[in-house]
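Before any comments, here is the structure.
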Amino acid sequence: MEQTLTAWLVPALTLVVGVAIGFLIARLAPNAAPNRTQRRLDEIQSRFDAYQSEVVTHFNTTASLVKKLSQSQQEVQQHLSEGANRLALDELTRQRLLATLLASEGGEKRERLKAPAHQEMPKDYAPKSADVPGMLDESYGLKNKK
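For the sequence shown, our numbering assigns the number 10 to the initial residue and increments by one for each residue that follows.
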């Protein structure tokens, strides 16, 4: 009977120990995966927040620089206008300079160039004798089959 008890007791104890180990592993393993995933998600979120902050900073700096550029351009225009008033010797020169400065500030639009209404075929100016076709002739370079 002792052998029968031992034969049943060892597998039963092994089964209980296996279930306990399996339960502990199952309990610890799922917590590790969500924690790792959560940490990765938090890292990605922080990188995204840093990127958004960098983009906002970039565009704020760009807007500030464009504003400074615009102010500098206005100061240059004003300086040129004052120089034209002080340095121009006669009234006609002064008026021409001021008109040019005002036109360059964007007041007037320039007229666009238009294509010529009548288009001629190009002329053949290649040197040739009277009986030889020119380079622009359709039959140039072709041998006659006579």
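A virtual CB, placed ideally from N, CA and C, is assigned to each residue, including glycine.
Original post:
How many Å lie between I5 and R49 at the Cα?
Top reply: Only positions 10 to 155 of the chain appear in this structure, which leaves residue 5 out of reach.
Original post:
Hey, is the segment 74-90 in contact with the segment 50-60, meaning 3+ C-beta pairs nearer than 8 Å?
Top reply: Using a Cβ-Cβ distance cut-off of 8 Å, the segment 74-90 and the segment 50-60 are not in contact, since fewer than three pairs of beta carbons, one from each stretch, lie closer than that value.
Subject >> Distance, V26 Cα to T15 Cα >> reply: 16 Å
**OP:** Alpha carbon to alpha carbon, how far is L74 from R45? Give it in angstroms, no decimals.
**Re:** 43 Å
Original post:
Is H88 helix, strand or coil when you go by DSSP?
Top reply: In this structure, H88 counts as helix in the three-state DSSP scheme.
Original post:
Helix, strand or coil for Q104 per DSSP?
Top reply: helix
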